[in-house]
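Below is one structure; the comments refer to it alone.
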Amino acid sequence: MEFSPYNSVVKLCIQGMAMDDRGQPDEASTLFQQAWNEATDDHERFLAAHFVARHQENAQDKLRWFETALQLALSVNDDAVKAAFPPLYASIAECLEQLGD
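Per our numbering, residue 4 is the first one in the sequence shown, and the count goes up by one each step.
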């Protein structure tokens, strides 16, 4: 599956990113959570989980969501998703560092 702007989950994530750009992180977080709730496959869940993770308040919650995104990304056989591995691993490492691990 490609990242189609016609996909409802992708649309929600795009809207969330726009809210972030406007300095409205609470609204963005709500849209990302909605995307997670509406996701119907691992590709959509991966995308939503990645954005949900970025909006968590503490390192433990971020880690949980980034690990969820990673597991979902590993289950999707898609080159576009594979490009997300380095930043996902870096985000997980940052969370672990913040947690003293």
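Even for Gly, the Cβ is constructed at its ideal location relative to N, Cα and C. Fair warning: this is a prediction, and the values are worked out from it, not measured in the lab.
Proximity to residue i [Cα-Cα], best of the options
| i | options | result |
| --- | --- | --- |
| Ala42 | Glu100, Asn10 and Leu102 | Asn10 |
| Glu70 | Asp82, Asp81 and Arg57 | Arg57 |
Residue i to residue j span [Cα, whole Å]
| i | j | result |
| --- | --- | --- |
| Ala31 | Met20 | 7 Å |
| Gln36 | Asp29 | 11 Å |
| Gln101 | Arg67 | 13 Å |
| Asp45 | Ser7 | 15 Å |
| Lys85 | Leu73 | 10 Å |
| Met4 | Ser78 | A caution first: Met4 carries a pLDDT of 48, below 50, which makes its placement in the model too unreliable to give a value. |
| Pro89 | Leu75 | 15 Å |
| Glu97 | Leu91 | 10 Å |
| Leu99 | Val12 | 29 Å |
Neighbourhood of residue i by C-beta, 8 Å cutoff - its chain only, sequence neighbours within 5 removed
| i | result |
| --- | --- |
| Trp39 | Arg48, Ala51, Ala52 and Val55 |
| Met22 | Pro28, Glu30, Ala31 and Leu34 |
Contacts around residue i, its chain only, beta-carbon distance under 7 Å, and the 5 residues preceding and following it disregarded
| i | result |
| --- | --- |
| Cys16 | Phe35, Ala38, Leu50, Ala51 and Phe54 |
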